[in-house]
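Asks:
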Amino acid sequence: MSEALIRLRTLEPSTDNGLYQTLLESTLAIPFKIDWATKKYAYIGPQIEALLGWSPESWQTVNDWAERIHPDERESTVSRCVELCIAGVDHEADYRALTANGHFVWVREVVHVLCDEQGQTTALIGFTFDITERKKNEQLRAELEQEQLANARLQERLRLTHDLHDGLGGALVHMIAFVEQGEGALEREQMLSMLKLIRNDLRQTIDSNTSPQVKVPASQQEWLAPLRHRFSTLLDTLDIQCDWQFANAWRTAPNALQYLAMTRLIEEALTNVIKHSQASQVRFYSHQPEADVLVLEIEDNGVGFDVDAVDASGLGIGMRSMATRIARVGGTLQIESRPGRTLLSTRVQLSTPA
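If you count the sequence shown from 1, position 31 lands on 31 in UniProt numbering, and the numbers rise without skipping.
(1) What does ILE335 pair with, by DSSP beta-bridge criteria?
(2) If you drop the 5 nearest sequence neighbours on each side, which residues of the same chain put their C-beta closer than 8 Å to that of ASP130?
(3) Would the region 87-107 count as touching the region 51-64 if we require 3 or more Cβ pairs under 8 Å?
(4) Measuring CB to CB, does GLN281 end up less than 8 Å from GLN245?
(5) Could you check what DSSP says for TRP36 in three-state terms: helix, strand or coil?
(6) Return the residue from the list LEU260, GLY45, THR61, THR271 that minimises the CA-CA distance to ALA327.
(7) Quick test of your reading: ASN248 and GLN221, contact by CB under 8 Å. State the CB separation rounded to the nearest angstrom.
(8) Which runs of the beta strand (DSSP E) spanning at least 3 residues fall entirely within the region 232-318, listed in chain order?
(9) DSSP three-state call for ILE131: helix, strand or coil?
(10) Apply the 10 Å Cβ neighbour rule to THR77 and answer buried if 16 or more other Cβ atoms are within range, or exposed otherwise.
(11) Whose C-beta lies closer than 7 Å to the C-beta of PRO217 among residues of the same chain, with five residues either side of it excluded?
(12) Kindly indicate which residue of SER345, GLY331, ILE335, THR233 has the alpha-carbon position closest to the one of SER286.
(13) Which residue comes first and which comes last in the beta strand (DSSP E) that contains LEU114?
(14) Give me the residue from LEU296, SER79, LEU140, GLY304 with the minimum Cα distance to residue 357.
(15) Residues bridged to GLN349 by DSSP?
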């Protein structure tokens, strides 16, 4: 093997090969060679000064290298490098390197370990790369992922808050009103029925966060019959007439998320009628004007309210909860209200689960 090829493989600049010297020192990577026995630099590319500000002459021994590693990474980087060099294992190391003006930049060193015929380490050769921009991008990505994770957790909390408010909260209002309007002590079966209602609402709250496990009812009648049964008794007790209008079959069935969202909306809307409207009549209407569209309307003849004022005041938690819930499943919500008539209508574009 020629002397030129030997020098090329060992990254040792040839004193009699100007072309190789020029190529070696014009690359963005910074070449180096360290004699293992003396722990001294046999060579380091002049590019090191442009990157770190330290002159090539200032790199005398591996102590100069170690002292210019950030304190947080110094011990682990040096220990790992020494162990791998003794074992004759090529390796890489990322760390922050100190610049001459006191700042730090991220570098990556790729090290090849040269050994003699007995397997003993004789020298280290390699390249140092500036990876500061790469690390900045990695940090930005990590921060973005953390922000997305925090946002996802916040959305989960808000979703759970909405579920508890719309479901369990509605069930409690339902029972409180039933107790207040009733006469005498509650019978055992009545109390048991109320407790089962709370249990079912908690189950539905859990199901709303595991929608793939939810089975959509086979028809509108199967969907609305339990809701109608739950509220009819209480509405009758409060002398509120309720007219339920819906088709028996689906033209297109909603997906699990849409089914849960619309169920919660109905519960919240009827609970609001009970709590606030002072109505004597309620009309529920479900229809599909198009095969893949479902429209729900809930209308009462109560005292009404100023929709804009309630929304601007920040008191309309239920309204915002319903609007957010429906928007998440591809729907829209509109509320119109005046004395004698409040109409809540939602339109959902039905689709299969993504």
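Even for Gly, the Cβ is constructed at its ideal location relative to N, Cα and C.
Replies: Reading from the atomic positions:
(1) One-based indexing of the sequence shown puts residue 335 at position 335. DSSP, once it has assigned bridges, lists LEU344 as partnering ILE335.
(2) One-based indexing of the sequence shown puts residue 130 at position 130. Once the five neighbours on either side are set aside, the close Cβ partners of ASP130 are LEU28, LEU51, VAL105, TRP106, VAL107.
(3) yes
(4) Locating residue 281 in the sequence shown gives position 281, counting from the first residue. Locating residue 245 in the sequence shown gives position 245, counting from the first residue. No. Outside cutoff.
(5) Stepping through the sequence shown from its first residue, residue 36 is reached at position 36. Coil.
(6) Sequence index remark: in the sequence shown, residue 327 carries index 327 (1-based). Considering only alpha carbons, the answer is LEU260.
(7) Here residue 248 is taken as the residue at index 248 of the sequence shown, counted from 1. Here residue 221 is taken as the residue at index 221 of the sequence shown, counted from 1. Sure, about 5 Å apart at Cβ, within 8 Å.
(8) 241-246, 281-287, 293-300
(9) Counting from 1 along the sequence shown, the entry for residue 131 is found at position 131. Coil at ILE131, not helix or strand.
(10) Position 77 of the sequence shown, counted from the first residue, corresponds to residue 77. THR77 comes out buried.
(11) As a working mapping, residue 217 is identified with position 217 in the sequence shown. TRP223, listed in sequence order.
(12) Taking the first residue of the sequence shown as 1, we reach residue 286 at position 286. The residue with the shortest Cα to Cα distance from SER286 is SER345.
(13) For this step, residue 114 is matched to residue 114 along the sequence shown. Segment 104-115, the beta strand (DSSP E) holding LEU114.
(14) Lying outside 1 to 354, the shown extent of the chain, residue 357 is not represented and no answer is given.
(15) In the sequence shown, residue 349 corresponds to position 349, counting from 1. According to DSSP, GLN349 bridges with VAL293.
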